[in-house]
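If you count by numbering that gives the first Met the number 0, then the sequence shown holds residues 0 to 181, one letter each, in order.
Cβ atoms here follow ideal geometry from the backbone N, Cα and C, with glycine treated the same way.
Please read these numbers as outputs of a predicted model, since none were measured by experiment.
Notes follow once the structure below has been shown.
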Amino acid sequence: MTTAKIDPMSHSPATPHLQVRHVNYRDARDADALVALLDLYARDPMGGGEPLPEDVKRRLPSDLAAQPGAFSVIAWARSDQGREEAVGLANSFLGFSTFKSRPLLNIHDMAVHPDHRGRGVGQALLAAVEQHARQLGCCKLTLEVLSGNAVAQASYQRFGFAQYQLDPAAGQALFMQKWLVP
Numbered sequence: 000m001t002t003a004k005i006d007p008m009s010h011s012p013a014t015p016h017l018q019v020r021h022v023n024y025r026d027a028r029d030a031d032a033l034v035a036l037l038d039l040y041a042r043d044p045m046g047g048g049e050p051l052p053e054d055v056k057r058r059l060p061s062d063l064a065a066q067p068g069a070f071s072v073i074a075w076a077r078s079d080q081g082r083e084e085a086v087g088l089a090n091s092f093l094g095f096s097t098f099k100s101r102p103l104l105n106i107h108d109m110a111v112h113p114d115h116r117g118r119g120v121g122q123a124l125l126a127a128v129e130q131h132a133r134q135l136g137c138c139k140l141t142l143e144v145l146s147g148n149a150v151a152q153a154s155y156q157r158f159g160f161a162q163y164q165l166d167p168a169a170g171q172a173l174f175m176q177k178w179l180v181p
């Protein structure tokens, strides 16, 4: 189990009794929570504003389990009544830095339930991912964030992320894609 601390820099009250745990993709509770949080993120304007297709929801946990470099964590908040709720998710994938000849970990999805934003959940997720990356001997963490998502950018910067550039004169890196399937 991976446990991370709440961000002490959060300006809102912390989510009480927060615990971040590694996702077992084959566990029904973990799989359901992962799909629900990712679907919530997909429906958000910063996630594209569309729900996940039903076939993706159905396949996702087993497809992630089949990816050797996949690593996901869920933040679980326990209420004063003892009820546990999934409030945040980070999906990441192992990659490789040719310039350092070492592994890296790319955070592919970061989602925090709207009712728990600003309470340190994102920082706790990032801390758990960083801890895992360090255990793997990774040289860095990477992620992409929309230029219009100032709140997420501020959270990532507070955690120590900066825009990628090799030489300021060459400019900052851009994230690009080309779809191979519809």
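Three-state class that DSSP yields for residue i in the structure shown
i, result
"V150", "helix"
"G94", "strand"
"Q156", "helix"
"V22", "coil"
"R28", "helix"
"A89", "strand"
"L135", "coil"
"L140", "strand"
"L145", "coil"
"L173", "coil"
"P181", "coil"
Spatially closest choice to residue i from the options, by CA coordinates
i, options, result
"Q66", "A123, F92, P50", "F92"
"M175", "S61, Q122, G119, E143", "E143"
"G183", "L140, P167, N148, A168", "The structure shown does not extend to residue 183, since the chain spans only 0 to 181, so no value can be given for it."
"P113", "G46, L165, P60", "G46"
"A153", "A85, P52, G121", "G121"
"G147", "K99, P44, L37", "P44"
"L135", "A64, D26, L103", "L103"
"K99", "W178, C137, A151", "C137"
"N90", "R77, D38, V150", "D38"
"A172", "V180, W178, Y163, L179", "Y163"
Beta-bridge partners of residue i, as assigned by DSSP
i, result
"R101", "S96"
"V111", "G87"
"L17", "A76"
Which full runs of the beta strand (DSSP E) of 3+ residues lie inside the region 38–81, going along the chain? Correct list: 69–77.
Are the region 124–133 and the region 67–77 in contact at 8 Å, needing three or more beta carbon pairs? The region 124–133, when compared against the region 67–77, does touch it at the 8 Å Cβ threshold.
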